[in-house]
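Residue numbers (this note's numbering): -2 to 228.
These notes concern the structure reproduced below.
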Amino acid sequence: MKNNKLFFCLIIISVLLFTSSCSKSQQADQRNSDTDELYNYEVTEEPFESMQILKSYADYKTYNTEAEFFETSDIVFIGMPIETFTDGEEHYYNLDGIEISKNSSEKIGSYCTVRNIKVLKVLKGEWSEETIKIAEKAVCKTYEDGTERIIGLPDNSIITKKNSKYIYYANKAAQDNMDFYIARPDQGVINIDGLDTNSFSKVSTQRLSEVKSRFASDFAKYDRTDELAAK
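In structure tokens form, the structure reads like this:
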């Protein structure tokens, strides 16, 4: 009888240990799944943040409400840059919009830096690929003394940070030879995870409130402001 009781107790203990092990494994799998879904990678200081930025100024159409802005955008999505600005592809165009080399003798009409943005969620429009190319209207220039500066960044724009997440309101580039999208100039990039605090200087209180109202659940899902408090 004692042997039976001992055997029964050993079975109970084994079951409890197995259940505990499974539970921990499931919790670990859940954490990994959450990390994979959210892509909460480290966001660090980038080279462009220590460079002088020579800005450009131009007129652009503005919208009274986020609703108007949303409706006139070709695509709206939550995205995460997967490369730093200084690692992006620089494109230069002549006055006729034809792409030329960086060192061409032709007069440059425009330029931009194109980066791959991981698409986390499409909010308007259709997009099935994992990444989308977004151009920022600025390039990095090295001067004769070795100094590097960012030139041409529109005064209303920001340079997004690798691994931080944003809502992009974008339109397809107007010319057929440009296979990328351009973020809208009227507050077309909104940081959604709270880690790019400098970006909010380009967004009005009204626009930010409207965007947060429309995409409240997404702001809650991707929020990482607690990491700022921990630093």
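Even glycine gets a Cβ: it sits at the ideal position worked out from N, Cα and C.
Residue i - partner residues in DSSP beta bridges
{"i": "A180", "result": "A167"}
{"i": "R211", "result": "Its beta-bridge partners do not exist; DSSP assigns none."}
{"i": "V111", "result": "E86, A132"}
Contact check, residue i vs residue j, beta carbons under 7 angstroms
{"i": "R146", "j": "M77", "result": "no"}
{"i": "Y57", "j": "F66", "result": "no"}
{"i": "I131", "j": "V116", "result": "no"}
{"i": "E103", "j": "N91", "result": "yes"}
{"i": "A167", "j": "I72", "result": "yes"}
{"i": "T110", "j": "E133", "result": "yes"}
{"i": "I156", "j": "F82", "result": "yes"}
{"i": "V40", "j": "K199", "result": "no"}
{"i": "F74", "j": "V119", "result": "yes"}
{"i": "D190", "j": "K162", "result": "yes"}
{"i": "P182", "j": "S53", "result": "no"}
{"i": "I179", "j": "A170", "result": "yes"}
{"i": "E207", "j": "E63", "result": "yes"}
Residue i: CB within 6 angstroms of a non-hydrogen atom of the ligand NAD
{"i": "Y163", "result": "No copy of the ligand NAD occurs in the structure displayed, which carries no ligand at all."}
Residue environment, residue i, which counts as buried when at least 16 other CB atoms sit within 10 Å
{"i": "I95", "result": "exposed"}
{"i": "E127", "result": "exposed"}
{"i": "G143", "result": "exposed"}
{"i": "E123", "result": "exposed"}
{"i": "G85", "result": "buried"}
{"i": "D93", "result": "exposed"}
{"i": "E141", "result": "exposed"}
{"i": "S70", "result": "buried"}
{"i": "Q203", "result": "exposed"}
{"i": "G149", "result": "buried"}
{"i": "G185", "result": "buried"}
{"i": "N174", "result": "exposed"}
{"i": "D223", "result": "exposed"}
{"i": "L51", "result": "exposed"}
{"i": "Y219", "result": "buried"}
Boundaries (first-last residue) of the beta strand (DSSP E) holding residue i
{"i": "A135", "result": "A135 -> no beta strand (DSSP E), and no H or E assigned at all."}
{"i": "L192", "result": "Element bounds for L192: n/a, residue is neither H nor E."}
{"i": "S47", "result": "That residue, S47, is in no beta strand (DSSP E); it is neither H nor E in DSSP."}
Range of the contiguous alpha helix (DSSP H) that encloses residue i
{"i": "E145", "result": "Per DSSP, E145 belongs to no alpha helix (DSSP H); it is in the beta strand (DSSP E), 145 to 151."}
{"i": "A55", "result": "From DSSP, A55 is part of no alpha helix (DSSP H); its letter is neither H nor E."}
{"i": "E224", "result": "223 to 227"}
Subject >> Unbroken stretches of the alpha helix (DSSP H), 4 residues or longer, contained in the stretch 60 to 106 >> reply: 63 to 68
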